[in-house]
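Report on the structure given below.
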Amino acid sequence: MIPLRQFRRLLTISVVLARYRLDDIIQATHLFRPMRIVRFLAPRGVRAARDLPRGERIRLALEELGPIFVKFGQVLSTRRDLLPPDIGDELALLQDRVAPFPSDQARRMIEASLERPIGELFDEFEDEPLASASVAQVHAARMRSGKDVVVKVLRPGIAERIERDLELLRTIAGMAQRYWEPGERVRPLAIVAELEKTIYNELDLKREAANASQLKRNFEGARELYIPSIHWDYTRRDVLVMERVTGIAIDDVTALHRAGVDVKLLAERGIRIFYTQVFRDNFFHADMHPGNILVNADDPADPTYVAMDFGIVGSLPPAHLYYLAENFLAFFNQDYRRVAVLHIESGWIPATVRVDELEAAVRTVCEPQFAKALSEISFAEVLLQLFEVARRYNLIVQPELVLLQKTLLNIEGLGRQVYPELDIWATAKPILEEILKARTAADAVAGEIRKRLPSWLEKTPRMPGLIYDFLHQATGDGITVKLAEPGLEPLTAATERRGRRTAAAVLAAGLILAASVLLVFDPPGPTLLGAPILSWAAAVLAALCATRALR
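See the structure below:
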């Protein structure tokens, strides 16, 4: 049931969807069923929209519905494994186009947050914003020390508006998941939850400042990437003051050529920066669209990337990072069986899938790519096709990989835009091999052991008790393994079978040990063929348990 306070907004959404001839979405999600009324309310542009491709109609509708729906479309565009290509391509074009809010309001918010008048904080403050997005807008300023900075301030009342629209999005997503045929596969509720986490992270500007500081520390002394400095004394949850940086927009290829920039080196550096952030640091800038990247061309033969807007960053669990790195190397080496094995070992594909079948499917996707010229090979295209294949094998989507997929698509697209002949595979492979070699070198392993040794030593006294508890549970009620991830039912059943076999094997071993003790010590009592009856009983039970374990 839709709350009354949401009904008016829901009607507006239905009108916009009808205007762009997205009636099937209204029907499928049960948004506003009286279609004749909706079409009457939305005559403007209906006939013209009828001739537009469906992907473009969806994009235009989201842009008209406002910032939160644009964000929703942006997050949805990263799920290329779930979307038809035409819709995914259009959603990838979504950009925040938001009118700025009044500068006097921005001034009052900054003064309230920093508890000082603008005149005391800055020598100069430009009322005309440099940029205005759905969550915040940015003003240029000069500090009393003479340093040029930018001041980012959240939009007034943005948190309340976001919560209202998110509540409505959750309602619509629930309807879609219930009534829309692909709803169970697309999982719109999970996508809204992903959007909610992302956007609330962006609402905390201190978190963004901390992300920038971490990235700057990771690339301290490196020439290829520059991260602006944060002025922490002037940074709060709703205000961020950061060093002002300048440069050529990464997508202004004409200006890059006019400045004499070595575009081949620039494109290759972008690939190296991405792989270094992901596989060396496990901390990567996950919003690398053209508006957030500049190029410092002071030395055209040695260009430097300048990153901005650090509200969205990503990292992966160590196990997934290892499997992902090994997958990339296997792709580069055309080792398709290794790719299939890694997908199953990592849990991304259910363990019931046959390795040889998955290997053949992976080969079918990857092999045509290697027949192309090196400059035409698209790793992003390979990944998208692999997702299509993996869906047939019940791919278990890993939410933490979504930002990585999106960033990889952005990086490859930007690299090819700057230097169309870019050989992504040849550029990425040696970097990845070098990083993995460094991570597995003797010094690195020894350092990791030294780091973990105090924790291991602290836990050592508890180990005998933990082992006893495990054996007691295994020989008593059995070991329970709880797995709630959708699609893991076959793996859960296999794990439970292994658990029962383990418990039977442990019990058999204990009974064999008991029989041996009885035979050695020869206790008084009835015997059978010269041996105590108890030892024979233990041996028989051990045989039964061993048979159970071997099934």
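In the numbering used here, the protein residues as written are -4 to 546. Backbone N, C-alpha and C fix where the C-beta goes; we use that ideal spot for every residue, glycine too. What you are looking at is a predicted structure, and each value in this text was computed from that prediction instead of being measured.
- Boundaries of the alpha helix (DSSP H) harbouring residue 115: 113 to 116, taken from the DSSP string.
- Distance from the CA of residue 281 to the CA of residue 398, rounded to the nearest whole angstrom, comes to 6 angstroms.
- Here DSSP, grouped into helix, strand and coil, assigns residue 347 to coil.
- By the C-beta density criterion, residue 237 is buried, having at least 16 other C-beta atoms within 10 angstroms.
- Boundaries around residue 213 are those of the alpha helix (DSSP H), 200 to 213, since no beta strand (DSSP E) includes it.
- Residue 79 and residue 411 have their alpha carbons spaced roughly 23 angstroms apart.
- A straight-line Cα-Cα distance of about 36 angstroms links residue 315 and residue 132.
- The bridge partners DSSP lists for residue 300 are 220, 290.
- Counting only the Cα atoms, residue 419 lies some 8 angstroms from residue 407.
- Annotated three-state conformation of residue 119 is strand, per DSSP.
- Leaving aside the five residues that flank residue 187 on each side, the residues in its chain whose CB is nearer than 8 angstroms to its CB run, in chain order, 67, 161, 164, 165, 168.
- DSSP places residue 462 in the helix class (H, G or I) of the three-state scheme.
- Excluding five sequence positions before and after residue 284, the CB atoms of its chain that fall closer than 7 angstroms to its own CB belong to 405, given in chain order.
- A straight line joining the alpha-carbon of residue 46 with that of residue 60 spans about 21 angstroms.
- Here the alpha carbons of residue 128 and residue 447 stand approximately 44 angstroms from one another.
- Here the alpha carbons of residue 109 and residue 229 stand approximately 7 angstroms from one another.
- DSSP places residue 86 in the uninterrupted alpha helix (DSSP H) bounded by 80 to 86.
- The beta carbon of residue 335 sits closer than 7 angstroms to those of 350, 353, 354, 357, all from its chain and outside the five residues before and after it, given in chain order.
- Taking the C-beta atoms as reference points, residue 190 is found no nearer than 7 angstroms to residue 172.
- Straight-line measurement puts the Cα of residue 247 at about 12 angstroms from the Cα of residue 256.
- Per the Cβ contact rule, the stretch 194 to 206 is in contact with the stretch 139 to 155 (3 or more Cβ pairs under 8 angstroms).
- Counting along the chain, residue 238 sits inside the beta strand (DSSP E) bounded by residues 234 to 238.
- Judged by beta-carbon spacing, residue 301 lies within the 7 angstroms limit of residue 240, meaning their Cβ atoms are closer than that value.
- Around the beta carbon of residue 306, a 10 Å sphere encloses 16 or more other beta carbons of the protein chains shown; the residue is thus reported as buried.
- Boundaries of the alpha helix (DSSP H) around residue 252: 248 to 253.
- Residue 86 and residue 50 have their C-alpha atoms spaced approximately 7 angstroms apart.
- Nearest to residue 83 by alpha-carbon distance, out of 401, 204, 123, 258, is 401.
- Judged by DSSP in its simplified three-state form, residue 228 adopts helix.
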